[in-house]
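Asks:
2 protein chains.
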Amino acid sequence: MVKKYVFGDPIDTGAVIGDISPCTEELCLLTQEKDEEGRLRFLLSLDDSDIVYGLGEAPRGINKRGHIYESFNSDDPYHTEEKRSLYGSHNFLIISGKSCFGLFVDTGASVTFDIGYTDYDRLVICPSENDLVIYTIEGESPLDIVKQLRKITGSSYIAPRWAFGFQQSRWSYFTADDVRRVAEGYRKNDIPLDAVYLDIDYMEGYKDFTVSEERFPEFKSFVSEMRDMGIRLVPIIDAGVKIEDGYDIYEEGKEKGFFCRRKDGSFFAAGVWPGRTHFPDFLDPEAREWFGSKYKVLLDAGIEGFWNDMNEPAMFYTDEGISEAAEYLKSFDFSCNDPNKFFELSGTAGGLNNRRKDYAAIYHNIKGRSVCHSRVHNLYGFNMTRAASEAFEKLSPDRRVLIFSRSSYIGMHRFGGIWTGDNQSWWSHILLNIKMMPSLNMCGFLYSGADIGGFGTNCTRDLLLRWLAFGIFTPLMRDHSAFGTRAQECYSFGDTAAFKGLISLRYRLIPYLYSEYMKACLHDDMMIKPLGFEFSDDEMARRTEDQLLIGESIMVAPIYEQNAAGRYVYLPEDMRLIIFKNASVERSELLSKGIHYLHAALDEVPVFIRKGKLLPLFRAVQCTDELDTSEPELLSYNSEPCSYLLYEDDGISKAADLPENYRTLSI
Amino acid sequence: MVKKYVFGDPIDTGAVIGDISPCTEELCLLTQEKDEEGRLRFLLSLDDSDIVYGLGEAPRGINKRGHIYESFNSDDPYHTEEKRSLYGSHNFLIISGKSCFGLFVDTGASVTFDIGYTDYDRLVICPSENDLVIYTIEGESPLDIVKQLRKITGSSYIAPRWAFGFQQSRWSYFTADDVRRVAEGYRKNDIPLDAVYLDIDYMEGYKDFTVSEERFPEFKSFVSEMRDMGIRLVPIIDAGVKIEDGYDIYEEGKEKGFFCRRKDGSFFAAGVWPGRTHFPDFLDPEAREWFGSKYKVLLDAGIEGFWNDMNEPAMFYTDEGISEAAEYLKSFDFSCNDPNKFFELSGTAGGLNNRRKDYAAIYHNIKGRSVCHSRVHNLYGFNMTRAASEAFEKLSPDRRVLIFSRSSYIGMHRFGGIWTGDNQSWWSHILLNIKMMPSLNMCGFLYSGADIGGFGTNCTRDLLLRWLAFGIFTPLMRDHSAFGTRAQECYSFGDTAAFKGLISLRYRLIPYLYSEYMKACLHDDMMIKPLGFEFSDDEMARRTEDQLLIGESIMVAPIYEQNAAGRYVYLPEDMRLIIFKNASVERSELLSKGIHYLHAALDEVPVFIRKGKLLPLFRAVQCTDELDTSEPELLSYNSEPCSYLLYEDDGISKAADLPENYRTLSI
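Chains as they are written, first to last, in my numbering: chain A, 1 to 667; chain B, 668 to 1334.
This is the structure:
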């Protein structure tokens, strides 16, 4: 049961659809108080047995206890343990243990969640402003609560099926020839591939909706050339619009007043990749419609997918920041002999980016009211992606378009997916990827994944292989890496057989993964679940943070430690272990409920098939266009009769939950 | 068998003692070649079964394969996975698998070790200069190779027994009253404590060998007051000597020419905590003797232990760096609109510290020759600690003095211990601590430990408890935290019972830990070993990175994940699991060789007793002064007769391996 509690005069975030009448009685699941400065705080005692799920894109565990988080969409690529904020804000928690209920703290402003950090037995929620809505959701299980949240926030965005193909990205493939080399690198080595990403350098001077004529001549025919190889190009779109006289988007936005402003009414400016930019006011429906319509030029060139980036929004510098820094540096006494002064110097010169002060100087036009950005900061990326998604409804009414975003808020899950931003080539980030996936699913972000191999720092062959072996099971399976790092394509580490085997297995699994994904989308369910969601009475299962249920048939236990021959695994029920190698079953074993050590080499992928469930496998192909689901190989726990309901559609038309899209596979 | 290979004209590092004749035949265990620039490189093919042990203080695993490391002593507190350098350089590797041999690359200059990073099957050693010595050590086992290394580099420094007591530190306890509050906090809560650390703020203006009269009045009597409570004070000594007219150390060093110089002969200056400092030229024996003699003033005040810090040496800024930055900033065009310029600005202003360029501008006096610091960089901290240690031989000929250092090189293990530097309050840093301990032991650093609870960022109660539960088994057991972080003393998180239980257990174990430590010191052995060192034919044991053998009787399997009820553990042989709680046996279980899941609450400490071995426990006390070893409680695998040889001495006189120091405990 969902209850809505309204505090103050909140700005509608757009997260919740439909009308829910506010409760008139007092909030009873949480204790409410005001701190010394009059700010609302909400408190809850936690029982030792309570697990706190949620927060979507956030650092640390599936169980969020023991840390303090701040919902404040942040462009910060160093996802170390102590971080409080990542790119998205997903203010949804489930308390599961002695009690069982959910909380959705609905506000575009920042919120702090002290989940047993100050005091292990206490949850304290501190919104940064007193205007907000809290939804409490009582349910019979965490999954039931997730479904209820989805009911009020709307069903998840549905990606085209080709977006389940393997995708290769890098900041940047600078020219069409660079992209051709990537396509050839994959095709030549028989490693399947469905898409190559265009990072910021495909643009002319980093101007949104332009393509460099010099580096990508005859873009439309290039798109088509790649498409003929079964490869889609996926260009990036950044939030900031370059300030440049004569640049149509800039000129139009300025003329129509569609950019965010300063308090004095002038357009707010911040330096991003193109230099100084204005930020479209995505919170204004008219500006949204205008910006969304601009995707047309790329759709017309044959583009079928996009990634929206830098939309926290990320700012490298502002006029205000620069002039403060210049003033400071001008008067800096370089003859001084105080280390603290030099720390301050480096802090000032290095602290020009993403200043809270600058965010607070941005103003939006919300229904004619000028609203300070701080109040709606976490909604910006959401509404950029909404702009694109709403435009696609018109520009591509019959065909799905791939769209995912870096910054997000609950509600955006209706409009697009997310990737988990600029991670690092760290083994611990495989684990972070594992832990984040179910949390994202809880918040409605079903089409999601991490930068496989790690974005920043250098990847090694073994890291990439182990990460891919998990990425096989995430809807977005994309290898992405940063400028200046070691080449990270699957053919960049010598012998490609292991890579071919892993990615071919992905393609053999796509019909199953897509089926499970679509069922989760269509039934407001989760595709990727923590063990505790299904085995809630099993304490070992509840505490397992590094194994996941992928759809109804399988459990995975990815290996995320370097030089490990395998890993420990806990089976909450009897399962069949299948070890895949070269995309085929290499060996298989019935394992009983309990603890096991799982051996798997770098070129092997372990999958656990659940009792009574079927895993269908299909022919390996080079791209999703070639998928053929006519002759499934059916893997099962044992030979007892069982069946699997496969959802299938053409993968590109707008999806509908039609009976003819289901096919029963049985043994 | 040790073989010495000399290349070029190496500078004696002081790591190896005694004369070893160089081999005339060619290096055969490694392939030797020169790169395009004429630099020597040494290559080795690695077999799939090979584990590469070693490198002492370094990031990542016990098995160093799959990463690239650079020996270049670095003041960098963010020990994330991709880092190549930490504070110490310990150029010792053991290849163990198909082959079994050790390598000690003896040079004070930087060396890169590509251990299966570029190519998983290849080790490439790239010294930065062609003047070096390589020792190859063939042996029958990794432990045998470790012992052979110790034979040529000398026996390890021996700490006083009180340094096995629990120690509390913080940057900083600013006043004597702050220290009194810490002492009272422990004593009042019956949490044992042996030492409180004085970080930089005890000094007058950060001047070495001064004590602030204002904040620590009547220091000698304060030392004695604390000593009466069973608590030693351990002051920090930094490498840099403040440039201040009238400051005796500065004036003397200047007059005697004992500071490092620039190429032009002027004294090199760098800003550190006191502002501009000169660096004593610790590579000059006379300067070493002079600086070492200065510890007397603190010894005379009753001080019995020191930590040498900032001796990479850390530099916040130099005159040269500042003037370059000032020049750059002066001409910086703040009206520019190029993000790369602003990245450069922030890099310049934020990159004043620890510049390689500045290191290359330092010159040492080595036997009358002016030698560029780059050639001996990794020897600086070593020789600072050598200065102290050699002085203590004279100033305290009969009593051991506690001394440990941040920066180090192999050879320094004869003169002092090390702590592992400025880590973070990260769960992953418990694991890093676990993995680093055996590697440090391999290189001779037996008195060692990490900042428990983490130095930087904020600690939580559960993190501190889990970390302490491992720290119980490391010789240095010190809680240390940084300025600006959450209070981290054991009484800072409310209920202190769990802390009291853990630290009391430490004291019950000290006689055993000290005995095992002393045996390792006296017999050139390791106190803390990876499982693979004892169970070399057991592939599971060889691949286990998170369990350790502590002395001859026990194995530990620390819990290092938040919200975990326990962890998986692999037993390479039958063992008895003891769960300690409140410093007593809470429960006990015989476990068979193989895989188990170990449950342990935050206030519990699991210990595995090996078959045929005894673990003696003694009475819990409040400080090591009160230790009483007369009535051991003897824990064993089962009731079959077995014995333990306890090494005991007065813990403070210079140690000797005398028969009367051994006592057999039997059941």
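Even for Gly, the Cβ is constructed at its ideal location relative to N, Cα and C.
1. Output, in sequence order along the chain, the residues in the region 317-347 of chain A whose CB is closer than 9 Å to any CB in chain B.
2. Could you name the residues of the region 542-565 of chain A whose beta carbon sits closer than 8 Å to any beta carbon of chain B, in the order they occur along the chain?
3. Is any beta-carbon of chain B found at less than 8 Å from that of Ile595/A?
4. Looking at the structure shown, is Leu1107/B part of a helix, part of a strand, or coil, going by DSSP?
5. Candidates Gly381/A, Asp300/A and Cys443/A: which alpha carbon is nearest Pro313/A's?
6. Closest by CA to Ile145/A, which one among Phe104/A, Asp495/A and Lys593/A?
7. Is there a C-beta anywhere in chain A that falls below 8 Å from the one on Asn610/B?
8. How would you list, in chain order, the residues of chain B whose beta-carbon sits under 8 Å from the beta-carbon of Glu539/A?
9. Per DSSP, what kind of secondary structure is Asp679/B in: helix, strand or coil?
10. Give a yes or no on whether the minimum CB-CB distance between Ser428/A and chain B is below 8 Å.
11. Taking all protein chains shown into account, decide if His746/B is buried (16 or more other Cβ within 10 angstroms of its Cβ) or exposed.
12. 8 Å is my cut-off, CB to CB: does Arg1023/B come that close to chain A?
13. When the Cα atoms are used, what is the spatial distance from Tyr514/A to Thr474/A?
14. Can you find the residues in the same chain that come closer than 6 Å, C-beta to C-beta, to Leu799/B, ignoring five residues on each side of it along the sequence?
15. Leaving out the 5 sequence neighbours to the left and right, which residues in its chain are closer than 7 Å to Tyr363/A when beta-carbon positions are compared?
16. Suppose contacts are defined by Cβ-Cβ distances below 8 Å. Is Pro135/A in contact with Leu93/A by that definition?
17. Give the DSSP-derived three-state secondary structure of Trp1086/B in the structure shown.
18. For Thr348/A, name the three-state secondary structure that DSSP assigns.
19. Keeping to the same chain, check which residues put their C-beta closer than 7 Å to that of Arg1153/B; ignore five residues upstream and five downstream.
20. Using a Cβ-Cβ cut-off of less than 8 Å, give me the residues of the region 79-96 of chain A that come near chain B, in sequence order.
21. Quick one, which residues of the region 246-276 of chain A are near chain B if we go by CB-CB under 9 Å, in chain order?
22. Looking at Phe883/B and Trp974/B, is the spacing between their C-beta atoms short of 8 Å?
23. Three or more beta-carbon pairs under 8 Å between the region 1152-1171 of chain B and the region 852-872 of chain B, yes or no?
24. What span of residues does the alpha helix (DSSP H) with Cys1309/B cover, start to end?
25. Does the beta carbon of Leu352/A sit closer than 8 Å to a beta carbon anywhere in chain B?
26. Kindly confirm or deny that the region 828-840 of chain B and the region 1326-1333 of chain B touch, where touching means at least three C-beta pairs closer than 8 Å.
27. Taking 8 Å as the limit between beta carbons, can you name the residues of its chain near Leu329/A, skipping five residues before and five after?
28. Gly733/B touches chain A at which residues, Cβ-Cβ below 7 Å?
29. Note down the Cα distance separating His734/B from Phe1285/B, rounded to an integer number of angstroms.
30. Does chain B have any CB closer than 8 Å to the CB of Tyr568/A?
31. Within 8 Å, do at least three Cβ pairs link the region 816-826 of chain B to the region 1183-1192 of chain B?
32. I need the straight-line Cα distance from Leu753/B to Gln1155/B, nearest angstrom please.
33. For the region 102-122 of chain A, enumerate the residues whose C-beta is nearer than 9 Å to any C-beta of chain B, in chain order.
34. Give the residues of chain B in contact with Gly61/A, contact being defined as C-beta atoms less than 7 Å apart.
35. Classify Ile910/B as buried or exposed, calling it buried when 16 or more other Cβ atoms lie within 10 Å of its own Cβ.
36. Is the separation between the beta-carbon of Lys435/A and that of Ile115/A shorter than 8 Å?
Replies: Short version:
1. Tyr317, Ile322, Ser323, Ala325, Ala326, Leu329, Lys330, Phe332, Phe334, Ser335, Cys336, Asn337, Asp338, Pro339, Phe342, Phe343, Leu345, Ser346 and Gly347
2. Arg543, Glu545, Glu561, Gln562, Asn563, Ala564 and Ala565
3. Position 595 of the first sequence, counting from 1, holds the residue named residue 595/A. Answer yes: the Cβ-Cβ gap between Ile595/A and chain B drops below 8 Å somewhere.
4. Taking the first residue of the second sequence as 1, we reach residue 1107/B at position 440. The answer is helix: DSSP assigns Leu1107/B an H, G or I state.
5. In the first sequence, residue 313/A corresponds to position 313, counting from 1. The option with the nearest alpha carbon to Pro313/A is Gly381/A.
6. If you number the first sequence from 1, residue 145/A lands on position 145. The candidate whose alpha carbon is nearest that of Ile145/A is Phe104/A.
7. Within the shown structure, residues of chain B are numbered from 668 to 1334, placing residue 610/B beyond reach of any answer.
8. Looking up residue 539/A in the first sequence gives position 539. Going along chain B in sequence order, the residues near Glu539/A (Cβ under 8 Å) are Ala1232.
9. As a first step, residue 679/B must be located in the second sequence, where it is residue number 12. Coil at Asp679/B, not helix or strand.
10. Taking the first sequence and counting its residues from 1, one reaches residue 428/A at position 428. It does: the Cβ of Ser428/A has a partner Cβ on chain B nearer than 8 Å.
11. Position 79 of the second sequence, counting from 1, holds the residue named residue 746/B. Looking at its Cβ environment, which holds 16 or more other Cβ atoms inside 10 Å, His746/B is buried.
12. Looking up residue 1023/B in the second sequence gives position 356. By this cut-off, Arg1023/B is not an interface position.
13. Here residue 514/A corresponds to residue number 514 of the first sequence, with the count starting at 1. Here residue 474/A corresponds to residue number 474 of the first sequence, with the count starting at 1. Cα-Cα distance, rounded: 10 Å.
14. What you label residue 799/B is simply residue 132 of the second sequence in a count that begins at 1. Cβ within range, chain order: Phe674, Pro677 and Thr774.
15. Counting from 1 along the first sequence, the entry for residue 363/A is found at position 363. For Tyr363/A, where only same-chain residues beyond five positions count, the Cβ hits under 7 Å are Cys260, Arg261, Arg262, Lys263, Ser370, Val371, Cys372 and His373.
16. The sequence position of residue 135/A within the first sequence is 135, counting from 1. The sequence position of residue 93/A within the first sequence is 93, counting from 1. It should be pointed out that residue 135/A corresponds to Tyr in this sequence rather than to Pro. No, the Cβ-Cβ distance between Tyr135/A and Leu93/A is not below 8 Å.
17. Residue mapping note: residue 1086/B aligns to position 419 of the second sequence, counting from 1. Looking at Trp1086/B - three-state DSSP - the assignment turns out to be strand.
18. The residue labelled residue 348/A in the question sits at position 348 within the first sequence. Thr348/A falls in the helix class under three-state DSSP.
19. On the second sequence, position 486 is the one that residue 1153/B refers to. Asn1125 and Cys1126.
20. Thr80, Glu81 and Glu82
21. Gly271, Val272, Trp273, Pro274, Gly275 and Arg276
22. Here residue 974/B refers to the residue found at position 307 when the second sequence is read from its first residue. Here residue 883/B refers to the residue found at position 216 when the second sequence is read from its first residue. No. Outside cutoff.
23. yes
24. Position 642 of the second sequence holds residue 1309/B. Unbroken run through Cys1309/B: none, as it is neither H nor E.
25. Here the question's residue 352/A lines up with position 352 in the first sequence. Yes - at least one Cβ of chain B is within 8 Å of the one on Leu352/A.
26. no
27. To locate residue 329/A, count along the first sequence from 1; it is residue 329. Result list for Leu329/A: Leu345, Thr348 and Ala349, in chain order.
28. The count along the second sequence starts at 1 and reaches residue 733/B at position 66. Result: Thr460, Asp462, Gln562 and Asn563.
29. Working through the second sequence from its first residue, we reach residue 734/B at position 67. Working through the second sequence from its first residue, we reach residue 1285/B at position 618. Taking the straight line from one Cα to the other gives about 43 Å.
30. On the first sequence, position 568 is the one that residue 568/A refers to. Answer yes: the Cβ-Cβ gap between Tyr568/A and chain B drops below 8 Å somewhere.
31. yes
32. Taking the first residue of the second sequence as position 1, residue 753/B is located at position 86. Taking the first residue of the second sequence as position 1, residue 1155/B is located at position 488. About 24 Å.
33. Gly116, Tyr117, Thr118, Asp119 and Tyr120
34. Mapped onto the first sequence, residue 61/A falls at position 61. Within 7 Å Cβ-Cβ: Gln1229 and Asn1230.
35. Position 243 of the second sequence holds residue 910/B. Counting Cβ neighbours within 10 Å, Ile910/B comes out buried, since at least 16 surround it.
36. Residue mapping note: residue 435/A aligns to position 435 of the first sequence, counting from 1. Residue mapping note: residue 115/A aligns to position 115 of the first sequence, counting from 1. Their beta carbons are not under 8 Å apart, which means Lys435/A does not touch Ile115/A by this criterion.
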